[in-house]
Amino acid sequence: MFDRAKAEPIDQMEDQTDRVNRFEIAFNRIHQKLRELLPDYRNDAFTSMLEEACSRYAMLRVFRQDLRQYARLRNAMVHEYTREDFYIAVPHPEIVDSIESICRIIEKPKSVMSIAVKPIITFQTDTLIQDVFKAIERHGFTSFPVYREKAFQALITEDGLSRWIAGRLKSGPLVDFTHSALEEVLPFEAAHNVVFVSKKMNIFEVDDLYKQKQKEGVKIDAVIVTEKGGMHEKPEGIITSWDLVKID
């Protein structure tokens, strides 16, 4: 005769063991990903690596609090393990689903295009300045890549345009935009550090790029995304340091 009373505890034990195993696998995979992100970091402790990784990669900070809690749970599971198939702490199904979801996100981070502004607004050097001001009013952007045919020339900003206007005002109280093209603004634009990257790059890599340049004392003003990362390729998106906040 089937004994339901005996079967239910066995099923319950198997379910708990399955949850523990799934939790452990996801936790270990996240730990391994942290090692990959921090190849030169000497402390292999999970929480220490988590804090260091969060200080370097903005996209990890959203998971910091949850992963801290999961690390404490994992320690209880491992260090309080007294006999086979007995755990002092068993993760709730929602916790298992959560850590597995975090694991998937960290292992396969979003592409750089997920945070890039697109479609990108670009201009040619012969574009009339009055058309640029119309675009600024319409789109609300403050900087635009300028090209001479397919060759990138500069990043035009509101500051550069303001300096050009100030220069023109020295010749008279009125500025005529009718026949003035962006070519005239280029000498008034400050030098900007623009980096080109492939659209295959992920958000970890672009975040790391910003951090590496900062260590070198270089401020990246914009990252332009193209098919293969070439500066003569068609731009598909643009990223500024402010856009990195989107992944927090």
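Residues 882 to 1129 in our numbering are what the sequence shown lists, from first letter to last.
The beta carbon of each residue, even a glycine, is placed where N, CA and C say it ideally should be.
| query | result |
| --- | --- |
| 6 Å Cβ shell around W838 - same chain, five flanking residues per side excluded | Nothing about residue 838 can be reported from this structure: the residues present for the chain run from 882 to 1129 only. |
| Counted within 10 angstroms of its Cβ, other Cβ atoms place P841 as buried (16 or more) or exposed | Absent from the model: residue 841. The displayed extent of the chain is 882 to 1129, so no value can be given. |
| Paired residues, beta bridge with V1099 - DSSP | Paired residue(s): none; V1099 is not in a bridge. |
| Of the residues S1122, K1080, Q913, Y1091, the one placed nearest M988, counting alpha carbons only | Note that residue 988 is Glu in the sequence shown here, rather than Met. The residue with the shortest Cα to Cα distance from E988 is Q913. |
| Residue nearest to N1083 in terms of C-alpha spacing, selected from I996, I911, R910, R916 | I996 |
| Check whether K1109 and S992 have beta carbons under 8 Å apart | no |
| Per DSSP, the bridge partner or partners of R1029 | A1032 |
| Three-state secondary structure (DSSP) of A1072 | coil |
| Sub-8 Å separation of P1026 and L1042 beta-carbons | no |
| Counted within 10 angstroms of its Cβ, other Cβ atoms place I1105 as buried (16 or more) or exposed | buried |
| Residues bridged to N1083 (per DSSP) | S992 |
| Three or more C-beta pairs below 8 Å linking the segment 903-913 and the segment 976-984 | yes |
| C-alpha gap between K1051 and V998, whole angstroms | 36 Å |
| C-alpha distance - V1013 paired with A1047, whole-angstrom precision | 17 Å |
| Top-ranked residue by Cα proximity to M1112, from H973, G1098, K1031, A1072 | K1031 |
| Per-residue DSSP class, three states only, for S1052 | coil |
| Reduced DSSP secondary structure (H/G/I, E/B, other) of T898 | helix |
| Where the beta strand (DSSP E) containing I1119 begins and where it ends | 1118-1120 |
| First and last residue of the uninterrupted alpha helix (DSSP H) at V1013 | 1010-1020 |
| Identity of the residues DSSP links to Q1005 by a beta bridge | Y1028 |
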